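These notes concern the structure reproduced below.
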Amino acid sequence: MKIRAIQTGSVRIKAAQVEGRGHGLRRRLAIFTGTEWTEWLPTYAWVINTDEGIIVVDTGQGAHLLESGKSLHPFVRWEVAFRIEHEQEIGPQLRALGIGPRDVKRVVLSHLHMDHDGGLAHFPNSEILVAPGELKSASGYLGRLRGYLPHRWPSWFDPRPLNLAAEPFGPFTMSRRLTEAGDVVAVATPGHTADHISVAVQDGDTSYFLAGDTSYNQNLMLGGKVDGVSADERVAIATLDTIRRFTQSRPTVYLPTHDPQCADRLANRRLAGA
Ligand SMILES: [Zn+2]
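Numbers in this note's numbering are just positions in the sequence shown, counted from 1, shifted up by 11.
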């Protein structure tokens with residue numbers, strides 16, 4: 012099993028989005044009133060070489076999404092900044108690794124925010140899996156109001172529903188195997204979005220937890236600190252607690268999308284909490 016981190020540009024957000032300030036509505040408004048920005052953070056997508064083919068988890072940012080800023084949600088225009096060149100999109104980076112569009116069997120999306128589905132156009136031949144609730148939240152006019160960009164999806168975009176079953180996987184109650192061997196498993200990690208999923212990859216005795224935006228970095232997960240955008244604080248905290256228990260139950264490398272430590276953590280198998 013080989014996992015690669017593909018950095019697709021970078022992003023800056025408000026500090027109050029990374030770690031929520033206050034509670035309730037105040038926490039969610041702090042993103043707009045806050046004036047403090049993060050440094051530029053990476054946006055990773057993940058490529059897993061399994062015995063059953065290549066699986067891509069999240070597709071990263073898309074340079075083409077930034078070209079006509081006028082049709083972007085105000086949140087996207089004013090509360091977040093993206094940086095990416097066309098050749099930094101996931102497609103060209105995979106081609107440079109010798110991986111063509113037909114080589115990717117499956118693409119799994121943690122959620123449908125534009126820095127996770129922005130590279131979809133590079134995968135017209137792959138099976139694409141999205142949690143049905145996430146697709147519903149992101150679709151149509153209401154999706155646009157929520158800050159998703161359904162009008163920028165490729166015209167062919169019609170993902171397969173990633174339905175999780177009540178099959179426990181470690182401390183997670185809902186899961187679904189993504190390989191026959193069961194070494195790649197999707198688990199429900201609600202919080203950042205209500206139907207957010209993460210992907211656990213088992214390689215020997217080590218688990219690699221591709222965490223999407225469950226937290227912006229590892230310390231926030233270990234500390235149980237919710238972000239500034241999760242709609243339901245209690246749900247998000249419960250998810251962080253479940254992930255932490257997972258990392259305590261087996262050697263785990265924790266890999267959220269925007270954590271600057273991910274490349275080093277993956278390359279050197281640095282375990283959460285170690
Ligand atoms: Zn993100």
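Beta carbons are placed, not taken as given, at the ideal position from N, Cα and C, and that holds for glycine. These numbers come from a predicted model, not from an experiment.
Tell me residue i's beta-bridge partners as DSSP assigns them.
i, result
"Asn60", "Lys13, Ile65"
"Arg187", "Ala197"
"Tyr227", "Per DSSP, none; premise fails for Tyr227."
"Trp48", "Lys25"
"Tyr265", "Phe220"
"Asp214", "Thr217"
Is any non-hydrogen atom of ligand 1 found closer than 8 Å to the C-beta of residue i, if you look at the structure I gave you?
i, result
"Gly223", "yes"
"His127", "yes"
"Val29", "no"
"Thr268", "yes"
"His84", "no"
"His5", "Within the shown structure, residues of the chain are numbered from 12 to 285, placing residue 5 beyond reach of any answer."
"Thr19", "no"
"Thr217", "no"
Pick out whichever of the options has its Cα sitting closest to the Cα of residue i.
i, options, result
"Ile24", "Val212, Ile66, Trp51, Tyr219", "Trp51"
"Ser241", "Thr19, Leu40, Val22", "Leu40"
"Arg157", "His133, Leu123, Arg281", "Leu123"
"Asp214", "Gly193, Thr204, Leu36", "Gly193"
"Ser150", "Ser137, Ile139, Leu140, Trp164", "Trp164"
"Glu145", "Arg94, Pro170, Glu30", "Pro170"
"Gly35", "Asn279, Arg276, Arg245, Leu251", "Arg245"
"Asn230", "Trp57, Ser21, Tyr265", "Tyr265"
"Met12", "Asn60, Gly31, Trp48", "Asn60"
"Arg280", "Pro271, His207, Pro262, Asp270", "Pro262"
"Val210", "Gln99, Asp216, Ala222, Gly202", "Ala222"
Am I right that residue i and residue j are in contact with their C-beta atoms under 8 Å? What's the rounded C-beta distance?
i, j, result
"Ala283", "Leu233", "7 Å"
"Ile101", "His133", "6 Å"
"Ser218", "Pro267", "Incorrect: roughly 14 Å between the Cβ atoms, too far for contact."
"Gly20", "Phe86", "In fact, because the Cβ distance is near 18 Å, the residues do not count as touching under 8 Å."
Answer yes or no: the CB of residue i versus the heavy atoms of ligand 3, is any distance below 8 Å?
i, result
"His97", "As for ligand 3, it is missing from this structure, which binds only ligand 1."
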